[in-house]
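**Q**
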Amino acid sequence: MTDLENASKARRIAMHQIRQLMEFWNIEPEELGQAMAVPVIPRNMPPPGYVKYRHPITGETWNGDGEHPEWLRRALLKEGYRVVELKPEYQQEQQALQQQAGPAA
52 MTDLENASKA
62 RRIAMHQIRQ
72 LMEFWNIEPE
82 ELGQAMAVPV
92 IPRNMPPPGY
102 VKYRHPITGE
112 TWNGDGEHPE
122 WLRRALLKEG
132 YRVVELKPEY
142 QQEQQALQQQ
152 AGPAA
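80 is the number that the working numbering gives to position 29 of the sequence shown; each next residue is one higher, with no gaps.
What follows is the structure, encoded as structure tokens:
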């Protein structure tokens with residue numbers, strides 16, 4: 052027997068075993084398709100209104116979805132901001148520190 056004949060025979064045996072198992076467990080062919088379908092994993096989308104970056108002067112925002120907006124490129128490349136400085140959490144921390152320090156003398 053050739054390799055091709057051996058593979059063909061093994062395939063026929065496997066198909067026979069599959070049919071027997073399907074009959075025993077009352078499995079319909081459609082169920083196999085559903086069971087073998089690759090589940091679609093939802094992409095973690097930011098909630099509506101979520102702000103990932105905010106320009107501290109202009110107030111422009113970006114949620115991180117899609118291409119970088121021009122204002123973000125400008126802030127980083129021309130205005131000298133660091134990425135962390137454009138995160139709302141950082142800006143809130145800085146405001147809190149300024150409030151704790153009190154008015155400048």
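Beta carbons: idealized from backbone N, C-alpha and C, even for Gly.
Straight-line CA distance for P139 to P154?
**A** Rounded to the nearest angstrom, the two C-alpha atoms are 22 angstroms apart.
**Q** Does Y232 pass the burial test, meaning 16 or more other C-beta atoms within 10 Å, or should it be called exposed?
**A** Residue coverage of the chain in this structure runs from 52 to 156, which leaves residue 232 outside it and unanswerable.
**Q** Within a Cβ cutoff of 8 angstroms, which residues of the same chain sit near P80, ignoring the five residues on either side of it in sequence?
**A** Closer than 8 angstroms at the Cβ level, and outside the excluded window around P80, lie M73.
**Q** For A126, count the other beta carbons within 10 Å of its own beta carbon; 16 or more makes it buried, fewer makes it exposed. Which is it?
**A** It counts as buried.
**Q** DSSP three-state call for R70: helix, strand or coil?
**A** Of the three classes helix, strand and coil, the one that applies to R70 here is helix, per DSSP.
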